[in-house]
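The structure appears below as structure tokens.
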Amino acid sequence: MIIMKFGGTSVGTTDSFAQVAQIVAEKVAQQAQTSRPGVVVVTSAMSGVTNTLIDSAQAAAAGDEGPYREARSQLLVKHQVVAGQLIEDGVERANLGRLLDTRLHEFERLCRSIAVLGEMTNRGLDVVSGLGERMSAPLLAAVLRAKGLHAEFVDAGELIITDDEFSNASPLMEPTVTRCLNRLQPMVQSGVIPVITGFVGATEKGVPTTLGRGGSDYSAAIIGAALDVDEIQIWTDVDGVLTADPRIVKNARTLPELSYDEVAELAYYGAKVLHPKTVTPAVEKKIPVVVLNTFNPSHPGTRIVNKPERSSAAGSVKAITAIRNMRMITIAGRGMMGVPGIAARTFGAVARLRANILMISQSSSEQSICFVVPDAEATGVVSALNAEFERELARGYIEKIDSQRDIVIVAVVGSGMKGTPGIAARVFNALGAKQINVIAIAQGASEANISLVVLTGDADEAIRSIHDAFELGQRVTA
Ligand code: ADP
Ligand code: ASP
Ligand code: MG
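For the working numbering, count along the sequence shown from 1 and bump the result up by 3.
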């Protein structure tokens, strides 16, 4: 049994829906020859839809009701064009039309109440932002049926039970496993392909949640692990995980194999191709995660496993990534040395805000502490620190609490790399040759990552020059 997740671009147009149906049909036929047949499908919203939903709701919260009204008709057309071209059966089309109407009516009703209230909670946002998958999945199920496959839509709100951290919920694995087995196994055993909404879940009380932007990858891994599938396939618009973002590095190359650890680092530090938590559910059962290209399906893509067989390149650099829109916070002062517990109080104050620290920078003196947080969280962090250290600031033990904008963390990833001498030197030489200023270096615990802080304007050049220095575009690792 395998699970196949299709991303937004894979279900972006009528042609791509047709392509997905072809890929699924071929997989079903292949799987039928195996000892454990069965295909489960997870889909994202059509590309651009989640953004449209969120933008319209935000506009509504700000008092502008135009965008959601316009979005309602635009979204209806977007889905109906696909249905109109790929589904001939009149009854199927009528049923789908009714379902789209119901969803979009709900969207309009929600946006209207957001506009009346003049604000939007994360809880409300999750109901709105999950509607994209709640339209694309029934549409894909109907498209698969039109191709003669036995497919049925399943809402992941029935399967993935989460905590109530709205807009970034985490699955509660025990009830999730039970739900997945009870609901999906009988379907698969009777030859049905469940077509499941990615991105969404629900609390135990049934309140809708989402798993964070890009979360459909994570949905597939959660459901795949619950069903103990043989493979979790992530179908996207590139030939697998590449040595760098192909939009930045033109000669980026597909990595045939990666370890769970390496991919977790890449995703955490911004490689958009996988949601950062995707491999977590797969690790325990050692289920391979394979990243494949919907638009080039014969390409073998990237296989992510516990211990890559072809890991001759252990200890070397495999890929470069970057996470943008960060801010670096610095606490500095010559008197800091004498005050005990400054670091503990700093990180305690940040933790109370539940802000996410992406990197802590090493400093040889005790005169400053630097760390990096997402832009959106920086203002809160700085005010919390000013409150925490009010006395030390007044007495001059701490001179300033600063935040620097336009920060990017560039992460150089490869297992065992940190223990290999000379890698950091090569990274710095490459950047030095381009006169790129490295603002800070990470004190990461992971063996698989060296990270550094540069200014936004230097980030792309930094990625390209490190990529070149390690000849990632040409080297054959297989
Ligand atoms: P999907 O809609 O299928 O989930 P995403 O847009 O979320 O697709 O992720 C795929 C995109 O990730 C690619 O089109 C590519 O631009 C970007 N990307 C960034 N870094 C990498 C990388 N290292 N390898 C492959 N793709 C990457
Ligand atoms: N549709 C959701 C998003 O755009 C989830 C996903 O595509 O993975 O974030
Ligand atoms: Mg994605």
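Even glycine gets a Cβ: it sits at the ideal position worked out from N, Cα and C.
State buried or exposed for residue i, treating a residue as buried only when at least 16 other CB atoms are found within 10 Å of its CB.
i: Q33; result: exposed
i: A381; result: buried
i: K8; result: buried
i: E207; result: exposed
i: A397; result: exposed
i: V308; result: buried
i: G338; result: exposed
i: P189; result: exposed
i: A481; result: Below a pLDDT of 50, predicted positions are generally treated as unreliable, and A481, at 48, falls in that range; the measurement from the model is reported next regardless. That one is exposed.
i: G11; result: buried
i: M420; result: buried
i: K310; result: exposed
i: E474; result: exposed
i: N452; result: buried
i: D231; result: exposed
i: V287; result: Before going further, note that residue 287 is Glu rather than Val in the sequence given. E287 comes out exposed.
Can you determine whether any heavy atom of ligand 3 sits closer than 7 angstroms to the C-beta of residue i, and answer yes or no?
i: K280; result: no
i: D482; result: Residue 482 falls outside the range modelled here, since the chain spans only 4 to 481, and no answer is possible.
i: G10; result: yes
i: G41; result: no
Determine the extent of the beta strand (DSSP E) in which residue i is found, giving its start and end residues.
i: K208; result: Per DSSP, K208 belongs to no beta strand (DSSP E) and is neither H nor E.
i: T459; result: Unbroken run through T459 is the alpha helix (DSSP H), T459 to A472; no beta strand (DSSP E).
i: M329; result: A322 to A335
i: P197; result: I196 to T200
i: F110; result: Note, F110: premise wrong, no beta strand (DSSP E); alpha helix (DSSP H) at G93 to L120.
i: S406; result: K403 to V416
i: L295; result: V292 to N296
i: S76; result: No beta strand (DSSP E) contains S76, which is instead part of the alpha helix (DSSP H) from G69 to L89.
i: M176; result: Per DSSP, M176 belongs to no beta strand (DSSP E); it is in the alpha helix (DSSP H), M176 to Q192.
i: Q236; result: E234 to T239
i: V308; result: T305 to V308
i: K8; result: I5 to F9
i: V43; result: V42 to T46
i: F156; result: A154 to V157
Residue i: beta carbon under 7 angstroms from a heavy atom of ligand 1?
i: L152; result: no
i: P249; result: yes
i: T324; result: yes
i: K275; result: yes
i: G13; result: Note on residue identity: the sequence assigns Ser, not Gly, to residue 13. S13 Cβ: within cutoff of ligand 1.
Taking 8 angstroms as the threshold (beta carbon to beta carbon), is residue i in contact with chain D?
i: A159; result: Of the protein chains in the structure, only one exists, and it is not chain D.
For ligand 2, is there any heavy atom lying closer than 7 angstroms to the beta carbon of residue i?
i: T53; result: yes
i: A60; result: no
i: F202; result: yes
i: R337; result: no
i: E168; result: no
i: E450; result: no
i: R216; result: yes
i: A205; result: no
i: G227; result: no
i: A48; result: yes
Given a cut-off of 8 angstroms, decide if residue j and residue i are closer than it, judged by their beta-carbon atoms.
i: A98; j: S170; result: In the sequence as presented, Ala is not what sits at residue 98; that position holds Asn. In this structure, S170 does not lie closer than 8 angstroms to N98 by Cβ.
i: V415; j: V320; result: yes
i: V342; j: E395; result: yes
i: G201; j: T46; result: yes
i: M362; j: F350; result: no
i: A270; j: P279; result: yes
i: T423; j: S371; result: no
i: A500; j: T179; result: This structure does not reach residue 500, given that the chain is present from 4 up to 481, and the question cannot be answered.
i: Q83; j: G100; result: yes
i: I237; j: A255; result: no
i: T324; j: H470; result: no
i: V266; j: V282; result: yes
i: G121; j: L56; result: no
i: V43; j: L187; result: yes
i: V52; j: L78; result: yes
i: G3; j: L214; result: With the chain running from 4 to 481 in the structure shown, residue 3 is simply not present.
i: Y71; j: A63; result: yes
i: V457; j: I439; result: yes
i: V385; j: V353; result: no
i: D166; j: A172; result: yes
Need the endpoints of the alpha helix (DSSP H) that residue i sits in, please.
i: V385; result: D378 to E391
i: L269; result: Y263 to Y271
i: T349; result: I345 to R355
i: F431; result: I426 to A436
i: M138; result: L134 to A149
i: S219; result: S219 to A229
i: S19; result: T17 to A35
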